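> Residue numbers (our numbering): 16 to 210. Quick reminder that beta carbons are idealized off the backbone N, C-alpha and C, glycines included. Because the structure is a prediction, the values reported are computed rather than measured.
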Amino acid sequence: MLLAREFIGYLSRQLVSRLSPAAFETSDPAVAAASMAQVIEDDLSIEDKLNDEVRDMLDEYSDYMRRENVSYQEMFRKIKNQLLAQRKIMRAAGRDTGDPMKLSRDKVNDLSHKLVTALRKSREFRVRKDPNDLRLAIVREMTDLLQMEEKIDKAARAKIRTQKREITEGGEEYDLLHKRYYAEELKKLGINLNA
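1) In angstroms with no decimal places, state the Cα-to-Cα distance between Met-105 and Leu-26.
2) Do you know how far the Cα of Thr-158 is from the Cα of Glu-62?
3) Would you mind reading off the limits of the beta strand (DSSP E) that contains Thr-41?
4) Please report the residue range of the beta strand (DSSP E) in which Val-6 lies.
5) Quick one: grab the DSSP three-state call for Ala-108.
6) Using CA atoms only, rank isn't needed, just tell me which of Glu-184, Phe-22, Ala-100 and Arg-82 is closest to Ile-55.
7) Thinking just about the alpha-carbon of each residue, which of Ile-175, Leu-192, Lys-166 and Leu-191 is nearest to the one in Leu-204?
8) Give the DSSP-derived three-state secondary structure of Leu-17 in the structure shown.
9) Apart from the five residues just before and just after Gln-29, which ones in its own chain have a Cβ nearer than 8 Å to its Cβ?
10) Relative to the C-alpha of Ala-152, which candidate in Leu-18, Arg-20, Phe-39 and Ala-19 has its C-alpha closest?
11) Alpha carbon to alpha carbon, how far is Val-31 from Ala-49? Give it in angstroms, no decimals.
12) Residue range of the alpha helix (DSSP H) that Arg-92 falls in?
13) Report buried or exposed for Gly-185, applying the criterion of at least 16 other Cβ atoms within 10 angstroms of its Cβ.
14) For the alpha helix (DSSP H) containing Pro-44, list its first residue and its last residue.
Right, dumping it as C-alpha cells:
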C-alpha cells in the first residue's frame with residue numbers, strides 16, 4: 016500500500032480533529048476516525064490487489080518474456096494501465112504522473128468524494144457544511160498532511176543515502192533503515208502514528 020496503515024490512521028485522526036466541529040460533528044472521534052481510515056484503506060487496497068493480479072499474470076509468461084527479451088517492468092506497466100482503464104480505477108500513485116506526493120491529486124479528489132459519501136451515510140457523523148465545501152476542506156487537509164509525510168519520507172531516504180556503502184532500495188536492510196529513520200523524523204515533529 017502506498018501509505019502505511021499507521022499513517023492512514025494518523026491521517027484519519029487528523030482529519031477528524033481538524034474538521035470537527037466546523038465541518039461535521041461526531042459523538043466519538045475515535046470511531047469516526049476508524050471509519051474514515053477504513054474508507055481510505057479499502058480504496059487504496061484496490062490497486063494493491065490489481066498489482067498482485069498483474070504479477071500473477073506475468074508469472075505465467077516469465078519464460079516467454081525471457082526468451083523474447085521483454086522487460087518485466089515495461090510489461091507490468093502496460094498490463095496495469097490496461098486493467099486500470101478497463102476497470103475505471105483511479106491510479107493512486109502521484110509519482111507516476113509527476114506529482115510529488117505519494118497520492119496523486121486526482122486520487123486525493125477521488126478519496127474526498129468517497130469520504131463525503133461515507134460521512135453522509137454514517138450515523139457517526141452529522142455534516143454541518145455543504146457537501147462540496149466539506150469535500151474541498153478534506154482535500155485541503157489531506158494535501159497538507161500528505162505534503163508533510165512526503166517531507167518526512169524524503170528526509171528518511173536522504174539519511175539512507177548518506178550511509179558509507181550503497182544500500183539498494185527494496186532490500187530488507189533498506190526497509191529496516193527507512194522505517195527507523197522515518198520514525199525518527201516523525202518523532203522530531205512530535206507525531207505519534209499509534210496514538
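Based on what the coordinates show:
1) Straight-line Cα distance between these residues: approximately 20 Å.
2) Their Cα atoms are separated by approximately 20 Å.
3) Run containing Thr-41: 39 to 41, per the beta strand (DSSP E) assignment.
4) One cannot answer for residue 6 here, as it falls past the ends of the chain, which runs 16 to 210.
5) Residue state, collapsed to three classes: strand.
6) Residue Phe-22 is the option with its Cα nearest to Ile-55.
7) When the alpha-carbon of Leu-204 is set against those of Ile-175, Leu-192, Lys-166 and Leu-191, the nearest one is in Lys-166.
8) Coil.
9) Same-chain partners within the cutoff: Glu-156 and Leu-160.
10) For Ala-152, the nearest C-alpha among the options comes from Phe-39.
11) Looking at the backbone, the Cα of Ala-49 and that of Val-31 are separated by about 10 Å.
12) Segment 87 to 102, the alpha helix (DSSP H) holding Arg-92.
13) Its Cβ having fewer than 16 others within 10 Å, Gly-185 is exposed.
14) Residues 44 to 75.
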